[in-house]
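Heads up: the structure comes next, in structure tokens.
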Amino acid sequence: MIRADIVKTYKTVHTWTGITCGFALFIAFYAGALTMFQEQIARWAAPPAVGVAAVSLDDVPRLLELVAVAHPEAREEGITLHLRGHENEPARVTWEEDEPHEAGKPHGHVHWWATLQPDGALLAKQEEPSKLAEFINDIHMRVGIPKPWGFYFMGMVSLLYGVALIAGVIVLLPSLAKDFLALRVGHNLKRMWLDAHNVVGVAALPFHLVIAVTATAWGFGGPLWSAQESVIFGGKQKIAMARDLERWRAPKPTGEAGEMMPPAQLLQRLRDQVPNFEPKVMVLRNFGDKAAAVKFAGAEHGYVGDTRFGGVILSAVTGQLLKDNRASRQDPDRRVGTTILALHTGEYGGSTITWAYFFLGLSGAWLFYSGNLLWIETRRKKARQGGGAGQPRSARLLGSATVGVCLGCVAGLSITIVAAKWLHGRVADLNHWHGLIYYAVFLGSVVWAFAWGAARSAVHLLRLCAAATLAIPLTTLAALLFPALGLWAHGSAAAIGVDAVAFIGALCLAWMARATARRVGHGPADSVWSAQPPRVAA
Amino acid sequence: MARQIRPDWWSKASAGAILGLGLALSLVGLYAYLGPGGIDAPGGRYALMRHLEAFVWIAVFGLCFLFRSGRSAWVWLGAANLIAFAVLFACRFHFFA
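So the sequences go chain by chain: V and E.
When the first sequence is numbered by the working numbering, its final residue is 538 and no position is left out of the sequence of numbers.
When the second sequence is numbered by the working numbering, its final residue is 635 and no position is left out of the sequence of numbers.
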């Protein structure tokens with residue numbers, strides 16, 4: 001049995017860590033839920049392109065030779081050969097080139113793609129791909145605050161979120177048997193919300209613990225690395241790291257020419273030497289050189305979280321296995337580290353886990369929203385006991401902030417997704433516009449929520465969220481009905497899935513808008529959730 | 539019944555945040571030296587260490603409110619830090635002599 005004074009202390013800890021971090025965590029969880037379908041969103045947003053199928057695997061050697069002659073820089077940077085034919089793969093081969101810059105200075109990159117024309121000539125074009133999916137991931141990681149401060153901020157938030165989890169469990173433990181899974185639906189609304197908050201929190205606790213630990217580690221990644229270097233390794237970490245990086249690097253070019261093995265044959269050599277490995281892309285380094293190498297990124301069946309760092313390097317001349325970093329060959333520490341990473345990103349177990357993480361992310365966002373709501377309701381009770389009508393200023397301000405931040409994030413992301421199709425080809429730098437649109441909608445919503453108060457603005461903003469989200473499938477529909485608009489509609493299950501999920505999401509938001517409007521008009525008047533004038537206490 | 543714990547918000551929270559980080563770095567540092575493979579273990583350890591540090595940091599910060607007072611939190615966690623760092627630096631001296 002836990003003593004009452006301990007429970008009371010931790011109740012305060014839980015309240016204050018929750019209130020201070022709730023906003024940032026809502027954004028991180030909502031955007032994080034969307035990133036579970038990052039690839040599908042990228043495919044939905046990708047404009048029509050030449051595509052991978054335009055050049056068959058047998059014609060690739062000719063394409064590669066033409067690219068290597070016309071764009072020598074691509075040989076060094078690595079030419080990516082796409083294998084899957086997704087809409088966001090503009091052509092069979094793509095590569096990056098440096099922007100003009102002074103030697104040794106930090107610089108950006110420009111993206112190129114290349115294909116073969118019907119007459120067999122090379123067609124290469126510089127075109128920046130849509131960074132919409134990456135933008136959503138940026139919002140997820142840093143809630144829209146620039147590097148590196150966004151990382152530090154989220155590291156701090158994640159640390160306090162971990163503390164809030166521990167505190168929440170300690171508070172709930174004494175009454176766990178009684179309260180857990182007891183959803184008391186009834187007249188006591190606050191009791192019902194608290195029960196729901198507890199069920200959702202406890203049921204997803206392992207998920208939340210993993211997220212808190214990994215997000216703290218990543219948020220403070222840079223400072224922790226420096227601290228390790230000075231405190232633990234005494235300056236020797238950098239040397240050991242450099243040694244480790246060799247495992248992932250392609251060999252240096254020799255300068256001597258070599259004959260390249262055709263990609264179809266390289267894929268066969270991969271299958272022979274590394275069974276159970278499904279490559280997504282292959283990257284050719286130093287094409288035409290005797291020491292040319294090909295790196296395969298992909299997943300090994302039956303292992304957790306191996307899609308990013310697992311990699312196999314083959315010689316592009318002989319097809320011999322040079323470096324093998326796939327999951328089953330990793331040292332125990334890396335395996336544990338990669339597994340923890342995958343438990344955050346949901347990269348295991350296929351689409352079931354992807355969907356589970358999507359809903360866990362949304363339930364997490366709801367957890368922080370309901371936590372703020374409970375805090376406000378508690379203040380209402382206290383105010384009533386104190387004899388006053390209405391809620392104190394603090395509750396009104398927190399109510400407005402909760403509505404503005406949470407719904408502003410939802411509306412902002414939906415509108416910026418829609419903009420990927422409407423603004424394509426109409427503005428010079430679409431990727432820049434994604435940010436502008438999101439911040440404008442987000443900040444506008446926050447201002448709106450404070451100007452109109454939580455109750456009225458919640459109805460307005462929920463309607464905005466529903467309309468913005470409905471615009472996602474409507475845009476696709478408009479593309480089908482009015483080809484003159486210059487929009488597009490992909491027919492793949494991934495792209496249609498984005499429209500379908502957005503449609504269902506819009507329905508849910510519309511239902512929430514209706515329920516909120518009813519509450520605002522007819523609910524108890526002494527609440528921030530009411531637009532009725534409070535009765536003056538006699 | 540034992541004496542009631544005092545809230546001491548700021549002194550306990552600062553102890554958890556600062557000494558929790560110290561304990562995280564020193565304990566994970568000990569794992570780096572004394573764990574399987576020692577300090578020359580393959581490179582997968584660097585990424586893992588950060589997650590372990592975050593775990594210890596959160597655990598210490600989260601549980602430090604159980605101390606009877608802010609003073610005792612600083613005393614106990616400070617002592618634990620001193621011992622852990624002393625052993626860590628002994629390891630550093632021993633392995634990198």
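In this text, a Cβ means the ideal position worked out from N, Cα and C, and glycines have one as well.
Where residue i falls, given that 16 or more other Cβ within 10 Å makes a residue buried
i       : result
F287(V) : buried
A537(V) : Because the pLDDT of A537(V) is 43, which lies under 50, any placement of that residue in the model is unreliable, and the number read from its coordinates should be weighed accordingly. Looking at its Cβ environment, which holds fewer than 16 other Cβ atoms inside 10 Å, A537(V) is exposed.
H589(E) : buried
D119(V) : exposed
G521(V) : exposed
D546(E) : buried
G608(E) : buried
G235(V) : exposed
G576(E) : exposed
E128(V) : exposed
H14(V)  : buried
L507(V) : exposed
I596(E) : buried
G371(V) : buried
H490(V) : buried
W218(V) : buried
V558(V) : The displayed coordinates of chain V run from 1 to 538. Any statement about residue 558(V) would go beyond what the structure contains.
S226(V) : exposed
G554(E) : buried
G302(V) : exposed
D429(V) : exposed
M539(E) : Because the pLDDT at M539(E) is just 44, under 50, the model does not fix this residue reliably, and the value given afterwards should be weighed accordingly. Burial call: exposed.
N198(V) : buried
L626(E) : buried
Whether residue i touches residue j by CB criterion (8 Å)
i       : j       : result
V405(V) : A455(V) : no
L485(V) : A411(V) : no
L321(V) : V294(V) : no
V157(V) : A264(V) : no
A365(V) : F29(V)  : yes
I170(V) : V498(V) : no
C602(E) : L620(E) : no
G361(V) : I353(V) : no
W113(V) : E97(V)  : no
E87(V)  : S492(V) : yes
I139(V) : A31(V)  : yes
K11(V)  : N431(V) : no
T80(V)  : V67(V)  : no
R247(V) : N325(V) : yes
W433(V) : P47(V)  : no
D244(V) : G558(E) : no
A316(V) : L267(V) : no
For residue i, the first and last residue of its enclosing beta strand (DSSP E)
i       : result
V312(V) : G311 to S315
G298(V) : A293 to E300
E39(V)  : Taken as a continuous stretch (DSSP letters only), E39(V) belongs to no beta strand (DSSP E), being part of the alpha helix (DSSP H) at Q38 to A45.
M282(V) : F277 to R285
V93(V)  : V93 to D98
D324(V) : L321 to D324
Extent of the continuous alpha helix (DSSP H) to which residue i belongs
i       : result
I79(V)  : Careful: I79(V) lies outside any alpha helix (DSSP H), inside the beta strand (DSSP E) at I79 to H82.
W149(V) : W149 to L172
E134(V) : L132 to R142
E377(V) : G350 to Q385
K8(V)   : A4 to T35
D333(V) : P332 to T345
Y569(E) : G558 to L572
W547(E) : W547 to S552
T402(V) : R393 to W422
K236(V) : No alpha helix (DSSP H) holds K236(V); DSSP gives it neither H nor E.
T216(V) : L205 to G219
V594(E) : G582 to L601
R329(V) : Taken as a continuous stretch (DSSP letters only), R329(V) belongs to no alpha helix (DSSP H), as it is neither H nor E.
N538(E) : Residue 538(E) falls outside the range modelled here, since chain E spans only 539 to 635, and no answer is possible.
Paired residues, beta bridge with residue i - DSSP
i       : result
L122(V) : L116(V)
H109(V) : D98(V)
A257(V) : D289(V)
G523(V) : According to DSSP, G523(V) bridges with nothing at all.
G51(V)  : A91(V)
heavy atom of the ligand MN below 7 Å from residue i C-beta
i       : result
L159(V) : Looking for the ligand MN in the displayed structure turns up nothing, as the structure carries no ligands at all.
May I have a chain-ordered list of the beta strand (DSSP E) segments no shorter than 3 residues that lie completely inside the segment 436-498 of chain V? none
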